[in-house]
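Report on the structure given below.
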Amino acid sequence: MSRAREEAMLRFLATLEIARRELTVLEYSHAKLFSQTMDADRVRRLTDDMPDAETLEAFVSRFGRFQDTVGDKLLARALAMLLETPRSLIDNLSRAEQLGWIADAESWIKARELRNRLIHEYMTDADRFAADIRAAGGFMGMFRESYAAFLAVAEERFGVAEQMLATALSPASRPETAHPKPIQGDVGNQRR
Numbered sequence: 508m509s510r511a512r513e514e515a516m517l518r519f520l521a522t523l524e525i526a527r528r529e530l531t532v533l534e535y536s537h538a539k540l541f542s543q544t545m546d547a548d549r550v551r552r553l554t555d556d557m558p559d560a561e562t563l564e565a566f567v568s569r570f571g572r573f574q575d576t577v578g579d580k581l582l583a584r585a586l587a588m589l590l591e592t593p594r595s596l597i598d599n600l601s602r603a604e605q606l607g608w609i610a611d612a613e614s615w616i617k618a619r620e621l622r623n624r625l626i627h628e629y630m631t632d633a634d635r636f637a638a639d640i641r642a643a644g645g646f647m648g649m650f651r652e653s654y655a656a657f658l659a660v661a662e663e664r665f666g667v668a669e670q671m672l673a674t675a676l677s678p679a680s681r682p683e684t685a686h687p688k689p690i691q692g693d694v695g696n697q698r699r
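Below, the structure is given as structure tokens:
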């Protein structure tokens, strides 16, 4: 394997490990938030119930972060690994749908629009906000399926199973790749 392909593979696997961790904490926040009914009355009580408000904030933040990691980074890195040039998010999602990595590009776009609405229209309308939170919870299955599809790529192409992700990527085992450079097509900031 060429150095460029190996670096692309390592960036993909490192980002897949980040997605795994983010999905784990998103699942926790989802379970905690949806252990009670999400309705407009609950939204109105959030200013008086700080623990519940923090739970909601954690879910919204993690919902957005997982989308950013998968949509902006993991997808671009998976395409680069195949020697394809990552493009716009919409183009990348369409290509991922063609490759079977995601079931429906349009659903990912709807989840992205919902994420933006949750962040920018926070609790201005309790009924709509509660409906949006419920809708966000409804995307969890899509997120799980997409993560599983990318994990299958790692297993099929590189023999790296989920329990091996962190070990295979530890700096001790690959010191030259501890801080890989961003690749062309990575969307968003480079904090990951």
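The sequence shown: position 19 = 526 (my numbering), numbered continuously.
Note that the Cβ used here is the ideal one computed from N, Cα and C, for glycine as well.
Sequence-distant residues of its chain with Cβ nearer than 6 Å to residue i (five each side left out)
i	result
Arg664	none
Ser536	Ala565, Phe566 and Arg569
Phe646	Ala618
Leu533	Arg569 and Phe573
Phe541	Gly644
Ala668	Glu662
Where the alpha helix (DSSP H) containing residue i begins and where it ends
i	result
Trp615	Ala612 to His627
Met647	Met647 to Phe665
Leu606	Leu596 to Leu606
Gln670	Neither: Gln670 is in no alpha helix (DSSP H) and is coded neither H nor E.
Gly571	Met557 to Gln574
Leu589	Segment: none, Leu589 is in no alpha helix (DSSP H) and carries neither H nor E.
Val550	Ala547 to Arg552
For residue i, three-class secondary structure by DSSP
i	result
Ser542	coil
Ile640	helix
Thr631	coil
Met516	helix
Ile525	helix
Ser536	helix
Arg510	helix
Close Cβ partners of residue i (< 7 Å) along its chain, the five nearest in sequence each way excluded
i	result
Asn599	Leu582, Ala583, Leu586 and Pro593
Ser614	Met649
Leu724	Outside the shown range of the chain, which is 508 to 699, sits residue 724, and nothing can be said about it.
Met588	Ala515, Met516 and Phe519
Cβ neighbours of residue i in the same chain (closer than 8 Å, five flanking residues each side left out)
i	result
Trp608	Leu582, Ala585, Ser653, Ala656, Phe657 and Val660
Asp546	Ala637
Gly571	Arg622, Leu625 and Ile626
For the structure I just gave you, are there three or more beta carbon pairs, one from the stretch 588-601 and one from the stretch 560-567, closer than 8 Å? no
Pairs of beta-carbons, one from the stretch 511-526 and one from the stretch 653-671, closer than 8 Å: are there three or more? yes
Does the stretch 630-639 come close enough to the stretch 543-559 to have 3 or more Cβ pairs within less than 8 Å? yes
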